[in-house]
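With UniProt numbering applied, the sequence shown corresponds to residues 1 to 229, in that order. Quick reminder that beta carbons are idealized off the backbone N, C-alpha and C, glycines included. Because the structure is a prediction, the values reported are computed rather than measured.
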Amino acid sequence: MTMNNLDRLQRKIGYQFQEVKWLKQALTHRSAAKNHNERLEFLGDAILNYTIADALYQQFPKCNEGELSRMRATLVREPTLAQLARAFELGDYMQLGPGELKSGGFRRESILADCVEAIIGAISLDRDLPTSTAVVRNWYQTLLSQIKPSENQKDPKTRLQEYLQGARLPLPSYEVINIKGEAHNQTFTVECRVENIKKIDRTFIGVGSSRRKAEQAAAEQILKLLDIK
């Protein structure tokens, strides 16, 4: 990874590191080196959640806790973070081990999302907390301007369950069919089945870095097939 490449990335994310070692660590997956990005990801996750919560609190003074929580969940969920990662083209800069490279880890949403959180953590250590929150707010300007406290902020599992209950249909069943990786870096594969709907009379597979995320991914597929927004 050359300094020219890192300069381009820093321009994309809108922040110039004082100590580039933090950026390098944020881009390093645990499969590639011992000095990887998991601790930075932990820190960045907390900063991201606080920053978005604070932004929503200020932006929607009349919303209740439930509405604010749903909007925050939408803005910090894995697909949203992966969308940011693709905008920054993080896949071109990440350091992955041979196994992850071979399996296309640079395209995997969970790895991309984790890298975004790690960069947030890295910025806070390179400079300070106010700087990292300002950078996050800049990344989220468009998303924050578009979000609304509407029903579609509910997570996919909740929306699917409410749809089925309203149609007086059986609730979906979720089953973990595979867990891959070590305890602190696992990938879950979940199978979801919904009965009595001809249009979706099959199982759906969801994959995620936790059982919950895998279930949400499977439910999201069903919602798309049913054209439920």
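For this session: Could you check the C-alpha separation between residue 22 and residue 14 for me, to the nearest Å?
Result: Along the sequence shown, read from residue 1 onward, the residue named residue 22 stands at position 22. Along the sequence shown, read from residue 1 onward, the residue named residue 14 stands at position 14. Distance between the alpha carbons of residue 22 and residue 14: 15 Å.
Exercise. Three-state secondary structure (DSSP) at residue 63?
Worked result: Taking the sequence shown and counting its residues from 1, one reaches residue 63 at position 63. For residue 63, the secondary structure class from DSSP, reduced to helix, strand or coil, is coil.
Problem set entry | Secondary structure of residue 175, DSSP reduced to three states | As a working note, residue 175 is residue 175 in the sequence shown. Three-state DSSP puts residue 175 in a strand.
Exercise. Who are the Cβ neighbours of residue 53 in its own chain at under 8 Å, not counting the five residues just before and after it?
Worked result: Taking the sequence shown and counting its residues from 1, one reaches residue 53 at position 53. Hits under 8 Å: 68 and 72.
Problem set entry | residue 215 burial status per 10 Å Cβ neighbour count (16 or more: buried) | To locate residue 215, count along the sequence shown from 1; it is residue 215. Residue 215 comes out buried.
Problem set entry | Distance, residue 109 Cα to residue 126 Cα | For the purposes of this step, residue 126 is taken as residue 126 along the sequence shown, with counting starting at 1. For the purposes of this step, residue 109 is taken as residue 109 along the sequence shown, with counting starting at 1. Cα to Cα, residue 126 sits roughly 26 Å from residue 109.
For this session: Output yes or no for whether 8 Å exceeds the beta carbon distance between residue 217 and residue 208.
Result: For this step, residue 217 is matched to residue 217 along the sequence shown. For this step, residue 208 is matched to residue 208 along the sequence shown. Cβ atoms of residue 217 and residue 208: closer than 8 Å.
For this session: Taking only the alpha-carbon atoms, compute the straight-line gap between residue 48 and residue 166 and give it to the nearest angstrom.
Result: Reading the sequence shown from its first residue, position 48 is the one you call residue 48. Reading the sequence shown from its first residue, position 166 is the one you call residue 166. Rounded to the nearest angstrom, the two C-alpha atoms are 35 Å apart.
Problem set entry | Helix, strand or coil at residue 154 [DSSP, three-state] | The residue given as residue 154 occupies position 154 in the sequence shown. Looking at residue 154 - three-state DSSP - the assignment turns out to be coil, as it is neither helix nor strand.
Exercise. For the ligand GDP, is there a heavy atom less than 7 Å away from the beta-carbon of residue 215?
Worked result: What this structure holds is no ligand at all, so the ligand GDP is not there to describe.
Problem set entry | Terminal residues of the alpha helix (DSSP H) in which residue 136 lies | As a position in the sequence shown, residue 136 is number 136, starting the count at 1. Per DSSP, residue 136 belongs to the alpha helix (DSSP H) from 129-139.
Exercise. Under 8 Å, do residue 112 and residue 99 count as touching if we go by C-beta distance?
Worked result: As a first step, residue 112 is located in the sequence shown; it is residue number 112 there, counting from the start. As a first step, residue 99 is located in the sequence shown; it is residue number 99 there, counting from the start. Using a Cβ distance threshold of 8 Å, residue 112 and residue 99 do not count as a contacting pair.
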